[in-house]
Every structure is written in structure tokens, then in C-alpha cells.
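**Q** In my numbering, the protein residues as written are 31 to 346.
Quick one: structure below, then a few questions.
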């Protein structure tokens, strides 16, 4: 029977790692428990001179290039994995980030979880404080943006969302039109903010005992602004958001304004519409959209948008 793609890719990824280890005796996989795998890249744990390290084998060269760009851009913050080796178009080696996801202790150790939320706020704000030169921005956007710079990227999500709202019966409710109108109203505020590199998959992070340990899986970083990092990072539970906001504001040095909160809220709506449009491949026309992207659940996304609106104190 022919191997399916996930099985074949996993086999090839481990073969690639083992071939590297065969030529580098300081590395070993012997006795190292392996993590679960996602739907795209493959992650392999090993030890290098006794220290746990991570081999990451990418399904697309561009993903690897983006992750390397972000690793170097944020390296001095100490908030991302140390890049050890990347002399291969498909694979890189980095230090392991210990700890666990914050949500795993929300019920069992609530105060520690809330302390973690404050530290996550500090770390998220620190990322966007790293200057992004005009040359670096232009290089990144030229290499990695199928839809162009931030303005074109967000406008395209809005355009596709309008198509979905007009054609897909699951999203024809007036709630969705109001969400899209709110986004359009807030785009000038989003576009007026200084550009920075932001971590769009900012939930990929570890904490331990109330301390921030590090972000990882940086491959979906983009050139954006403060509002887009807030949208990617902000927590939906009220107590968690209060602590996160305290941490964020302590780094930025000023309180978030009502205008900034509305822009961040619109940014969260945009990220939801990115998924509703099946990662920018679906405009509501039957038969369109990536085959691997399931139709969006309107109940789930409406609930998420309403929670974010309420948490940030925004009325559309």
C-alpha cells in the first residue's frame, strides 16, 4: 500500500535527522522521547553533548526561511530558541524551550497561571520593541508575501470575507457584516502604526512556575504592527487579560488607549476571518478553498469574536 503524505514525510524527516547525526557524533536520539507531530512540519528531539535540542524539518523552504529570519531578528531578546545550525534548505537545529503551555495549569494553579499571563504580556511587548529597519522590512515583504505588504494582506482578507458574507449561508447573518464593517473602519488605525515583526502564532510558547520560558514555531511571523501582535497574543478570559495587559504596558511604558484596543480587536477579527476564508482561499463560492481546510464553524467563530469584544471592552 502506498504511503500517504504525512507518513512519508515523517519517515523522510527522521531519515534526514539520522543522516545528520551519523556525521555528528555529539548528537544522539538514543533514549530521547519524541513529541507529537502537527499537520505540516516535523519536530525531532535529540541530545547534543547531553543538552536537549530540537531538529525541525520543514514541509516548505519558505517556512524555514521565515523561521530563521525571526530567530535572528529576536535573538538578542532571549525569548526565542537559540539557533544552532541551519545549513540546509529544509532543516534547522535549535535549543529546546522547556516548560509547558500556560493553559495547562489554568485550573490546577490559577495564581501561577495568572502570573504567567503577566509575563507573557511582557514578552509579547518585547518582541515588537525590536526595531525593524526599512531594508529588513522590504526584504521580508519581497521574499515572503504572496499578497504583498500588510495593507494588501489585510485588505485581501477583508475582500474575501465580504465574498463569504454575501454567498455563504452560514455567514449571511448581520453579525458578520457588522464585523467586516468594524474591520474596515479600523484599518486606518492599524495602518498608521509603526511596522514591526510580529509572531502570528503567538500561542506557541512555554512558561514554568509563573516565568516566561520562550516562544517557538516562529515560521508564521509577519511584518505588522502593535495591534496585530496584540490580536495574536491577547487572552480572552478577563482575569488573564488584565494580567497580560499589565505586563504589556510595563514594557511599552504607557497604558493602552481605547483607540489601540479597538484596533487590536479588529486585528483579532481579521485573524478569525483569515481562518473563515480557509486561509485566504475561499470567497464563498461553492467548490473553492483549499481542500485540506475544513469549512468554518459559524457558532465557534461568533462566540470567539464576542468574547474578545467583551474582554477588550469594544462595541462594534
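No residue lacks a Cβ here, since even glycine has one placed at the ideal position from N, Cα and C.
Is residue 226 helix, strand or coil by DSSP?
**A** Strand.
**Q** Work out the CA separation of residue 217 and residue 181 for me, nearest whole Å.
**A** Their backbone Cα atoms lie some 9 Å apart in a straight line.
**Q** Give the list of continuous alpha helix (DSSP H) stretches no shorter than 4 residues that lie fully inside the segment 100-160.
**A** Entirely contained in the segment 100-160, the alpha helix (DSSP H) runs reaching 4 residues are, in chain order, 140-158.
**Q** Cα-Cα, which of 230, 244, 276, 157 is closest to residue 297?
**A** When only C-alpha atoms are compared, the closest one is 230.
**Q** Give a yes or no on whether the C-beta atoms belonging to residue 86 and residue 122 are separated by under 7 Å.
**A** Cβ atoms of residue 86 and residue 122: closer than 7 Å.
**Q** DSSP on residue 232, reduced to helix/strand/coil?
**A** DSSP places residue 232 in coil when its eight states are reduced to three.
**Q** With distances taken from CA atoms, which of 62, 304, 225 is nearest residue 210?
**A** Among 62, 304, 225, the Cα nearest to that of residue 210 belongs to 304.
**Q** So what does DSSP say about residue 323, is it helix, strand or coil?
**A** In this structure, residue 323 counts as coil in the three-state DSSP scheme.
**Q** If you run the structure through DSSP and keep just helix, strand and coil, what is residue 50?
**A** Note: residue 50 maps to helix in three-state DSSP.
**Q** Using the three-state DSSP reduction, which class does residue 244 fall into: helix, strand or coil?
**A** In the structure shown, residue 244 sits in a strand (DSSP, three-state: E or B).
**Q** Is it the case that the CB of residue 97 approaches a heavy atom of the ligand FAD more closely than 6 Å?
**A** Looking at this structure, you won't find the ligand FAD or any other ligand, since it has none at all.
**Q** Return the bridge partner residues of residue 58 from the DSSP annotation.
**A** DSSP, once it has assigned bridges, lists 77 as partnering residue 58.
**Q** Run through DSSP, which three-state label would residue 254 get?
**A** The answer is strand: DSSP assigns residue 254 an E or B state.
**Q** Which residues does DSSP pair with residue 205 in a beta bridge?
**A** BP columns for residue 205 are empty, so no partner.
**Q** Tell whether a beta-carbon distance below 7 Å holds between residue 219 and residue 276.
**A** It is not a contact, given that the beta carbons lie outside the stated cut-off.
**Q** Nearest CA to the CA of residue 185: which residue from 166, 111, 310, 135?
**A** Ranking 166, 111, 310, 135 by Cα distance to residue 185 puts 310 first.
**Q** So, do the segment 197-204 and the segment 108-117 have three or more beta carbon pairs nearer to each other than 8 Å?
**A** The segment 197-204 vs the segment 108-117: no contact.
**Q** Mind checking residue 262: buried by the 16 CB within 10 Å criterion, or exposed?
**A** Residue 262 comes out buried.
**Q** With C-beta atoms as the reference, is residue 213 less than 7 Å away from residue 300?
**A** Cβ distance < 7 Å, so residue 213 and residue 300 count as in contact.
**Q** For residue 142, which option in 273, 340, 333 has the closest C-alpha, if you only look at C-alpha atoms?
**A** Minimum Cα distance to residue 142 is reached at 273.
**Q** Can you find a C-beta in chain C that's less than 7 Å from the C-beta of residue 172?
**A** Included in the structure is just one protein chain, with no chain C present.
**Q** Measuring only the C-alpha atoms, how far is residue 256 from residue 102?
**A** Near 20 Å, if we compare the C-alpha coordinates of residue 102 and residue 256.
**Q** Look at the alpha carbon of residue 199 and the alpha carbon of residue 295, and state the distance between them as a whole number of angstroms.
**A** Residue 199 and residue 295: Cα-Cα distance of roughly 25 Å.
**Q** Cβ of residue 129 within 7 Å of Cβ of residue 238?
**A** A contact, by the Cβ cut-off of 7 Å.
**Q** Pairs of beta-carbons, one from the segment 84-98 and one from the segment 166-179, closer than 8 Å: are there three or more?
**A** Yes, they touch.
**Q** Counting only the same chain and skipping the five closest in sequence on each side, list residues whose C-beta sits under 6 Å from that of residue 47.
**A** Once the five neighbours on either side are set aside, the close Cβ partners of residue 47 are 74, 85.
**Q** What is the DSSP secondary structure of residue 275, reduced to helix, strand or coil?
**A** Residue 275 falls in the helix class under three-state DSSP.
**Q** Would residue 327 be called buried (16 or more neighbouring beta carbons within 10 Å of its own) or exposed?
**A** When all chains shown are included, residue 327 counts as exposed.
**Q** Report yes if the CB atom of residue 155 is closer than 7 Å to the CB atom of residue 322, and no otherwise.
**A** Contact flag unset, no.
**Q** In chain order, what residues of the same chain lie with their CB nearer than 8 Å to the CB of residue 83, ignoring the 5 residues before and after it?
**A** Counting only Cβ-Cβ distances below 8 Å, and skipping sequence neighbours, we find 57, 75, 76, 77, 114, 123, 124, 125, 126.
**Q** Under the three-state reduction of DSSP, which class applies to residue 221: helix, strand or coil?
**A** Three-state result, residue 221: helix.
**Q** Measuring only the C-alpha atoms, how far is residue 280 from residue 152?
**A** Cα to Cα, residue 280 sits roughly 7 Å from residue 152.
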